[in-house]
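Numbering-wise (my numbering), the sequence shown opens with residue 35 and increments by one. Quick reminder that beta carbons are idealized off the backbone N, C-alpha and C, glycines included. One structure is given below, encoded as structure tokens.
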Amino acid sequence: MTTTPPPRYSLVIPAYNEEKRIAGLFDAITAFDGELIVVCDGNDRTADVVDAIAKERPDLLIRCLRFPGRLGKGGGVIAGLRAAQAPLVGYADADGSTGISEMVRLFGHLTEADAAIGSRWIPGSTLEVRQGWLRRIESRCFNLIIRLLFGLSFNDTQCGAKVFKKSAVDAVLPHLTAQGFEFDVELLWRLARAGNRIEEVPIAWQNKGDSRVKKSDMLRMLAGLLRVRFAPGTP
């Protein structure tokens, strides 16, 4: 009996109401040595579009996870990571702001590190299309808060390009509580506290516009981070 070997990589793509952009993401992928797990938890036709693409692209291993209600950015990524079958896993934004070649390059850093995160704010990064100045100021202020609250020295915790050894992620997934955009920070914090080596890597990135992060989301992110950091029993 022949068994199919697991894919080399598992890449999770949280896709909340992305029916207008998701096809462009797959159009830009000419090849990928792994599975692409699209997590659909919105109320539009994203999942139907992904299913149609999967039929048209037998060269890609595409899995579509459907959920009837909103999971949040963190909840969607967690669902995808739990379903991942490869020894190396990661996630990227559905807007394609980080190309698939950059994600594969990040996976290459896992020979030495337990996690590798793309960064827009360190030497060597390439910002093909920059964010507006207000968004950049907000990002820098948020990063300062992260450093003060969690002691994380990373320059960019919110870039949607992160990869991990699945064994490292599986060890911390049961302890994660954040479901929103603050999820990235909690994941990195718990990985670091568990003794994992996390490498921050300069990334080629471009702003695609139509950001899913609104002003109200930023306030919820801050509130969520405070809940995580000062939860009962947290040293």
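Length of the line joining the Cα atoms of residue i and residue j
i, j, result
"glycine 130", "proline 48", "12 Å"
"cysteine 175", "aspartate 190", "11 Å"
"serine 153", "asparagine 177", "12 Å"
"arginine 263", "alanine 202", "21 Å"
"glutamate 172", "leucine 95", "37 Å"
"proline 102", "leucine 183", "34 Å"
DSSP state of residue i mapped onto helix, strand, coil
i, result
"phenylalanine 198", "strand"
"arginine 97", "strand"
"glycine 267", "coil"
"leucine 105", "coil"
"glycine 214", "coil"
"proline 208", "helix"
"alanine 238", "strand"
"glutamate 52", "coil"
"isoleucine 232", "strand"
"isoleucine 112", "helix"
"isoleucine 47", "strand"
"glycine 68", "strand"
Close Cβ partners of residue i (< 6 Å) along its chain, the five nearest in sequence each way excluded
i, result
"threonine 40", "Per the sequence shown, the amino acid found at residue 40 is proline instead of threonine. So the qualifying residues of the chain are Gln119, Ala120."
Own chain residues within Cβ distance below 8 Å of residue i, not counting five before or after
i, result
"alanine 226", "Leu186, Ile232"
"asparagine 51", "Gly76, Asn77, Asp78, Thr80"
Closer than 6 Å: residue i CB and nearest the ligand PLP heavy atom
i, result
"threonine 64", "The ligand PLP is absent from the structure shown, which contains no ligands of any kind."
- prompt: Counting only runs that start and end within the segment 123-186, where is the alpha helix (DSSP H) found for 4 or more residues in a row?
  reply: 134-142, 167-184
query: Taking three-plus beta-carbon pairs below 8 Å as touching, is the segment 216-228 in contact with the segment 185-203?
result: yes
message: Within 8 Å, do at least three Cβ pairs link the segment 108-117 to the segment 141-150?
response: Contact between the segment 141-150 and the segment 108-117 is absent, because fewer than three Cβ pairs lie under 8 Å.
- prompt: Counting Cβ pairs closer than 8 Å, one from the segment 254-261 and one from the segment 63-72, do we hit at least three?
  reply: no
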